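Student:
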C-alpha cells in the first residue's frame, strides 16, 4: 500500500500535527497486513471485515491510535486504540476532513464515539475464518 492512503474527499484538510496517512508510519504490515496485522485482526474479529487505515498518530506523538474504514461498512470511520485493542465507531464528525479539523483544533475529546461490542469467542473465530477463506479465493 502506498503512502497517502487517505480516502476520497479527505485531501482538503491538512493532516494534524502528530498524525500521518503514510502506511509505514501507521504501523505498516505489522498493524495492517491482510492476514495477521494487529489492526486487521481487531477489525476482522469484530465482523467489520478488512480495514483500510486512513490516518494514525505518529509514535513520536504517543502513537497507538488509528482511524480506519472497513469493508463491511465502507462509509463509516472507526478509531482503533492499539494499546487497549478497543475499536470505536466514530459517530461525529462523519468525514475524515472534519476529524482532521477537530484534531487540529485540539478538540479530539469532542469526537462522539460508540464502542464496537465484542462478539462471542465463537463469532470472532467465525469472522476470522470467513475473512481468511475469502482472502484465499483472491
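In UniProt numbering, the protein residues as written are 1 to 138. For every residue, glycine included, the Cβ atom is placed at its ideal position computed from N, Cα and C. Please read all numbers here as calculations on a predicted model, not as lab measurements.
Please state whether DSSP places residue 221 in a helix, a strand or coil.
Tutor: Given a span of 1 to 138 for the chain in the structure shown, any question on residue 221 remains unanswerable.
Student: Work out the CA separation of residue 121 and residue 108 for me, nearest whole Å.
Tutor: 32 Å
Student: For residue 21, does the count of other Cβ atoms within 10 angstroms reach 16, so buried, or fall short, so exposed?
Tutor: buried
Student: Taking 8 Å as the limit between beta carbons, can you name the residues of its chain near residue 111, skipping five residues before and five after?
Tutor: 79, 90, 92, 93, 99 and 102
Student: Note the first and the last residue of the continuous beta strand (DSSP E) segment covering residue 87.
Tutor: 86-92
Student: Using the C-alpha atoms, what's the distance from residue 97 back to residue 150?
Tutor: As displayed, the chain neither begins before 1 nor continues past 138, which places residue 150 out of reach and without an answer.
Student: Taking a contact to mean a Cβ-Cβ separation below 8 Å, would you say residue 44 touches residue 127 in this structure?
Tutor: Yes, they are a contact pair.
Student: Are residue 88 and residue 72 closer than 8 Å when you measure CB to CB?
Tutor: If you check the CB distance, residue 88 and residue 72 do not come in under 8 Å.
Student: What are the uninterrupted segments assigned as beta strand (DSSP E) that are 3 or more residues long and contained completely in the segment 35-65, given in chain order?
Tutor: DSSP runs (the beta strand (DSSP E)) wholly in the segment 35-65: 51-57.
Student: By Cβ distance, which residues of its chain are closer than 7 Å to residue 18, with the 5 residues on each side in sequence left out?
Tutor: 57, 58 and 61
Student: Within a Cβ cutoff of 6 Å, which residues of the same chain sit near residue 50, ignoring the five residues on either side of it in sequence?
Tutor: Residues 71 of the same chain have their beta carbon placed closer than 6 Å to that of residue 50, with the five preceding and five following residues left out of the count.
Student: With 8 Å set as the bound, which would you pick, yes or no: does the beta-carbon of residue 51 sit closer than that to a beta-carbon of chain C?
Tutor: Of the chains in the structure shown, none is chain C; there is only one protein chain.
Student: Would you tell me roughly how many angstroms separate the C-alpha atoms of residue 105 and residue 26, rounded to the nearest one?
Tutor: 21 Å
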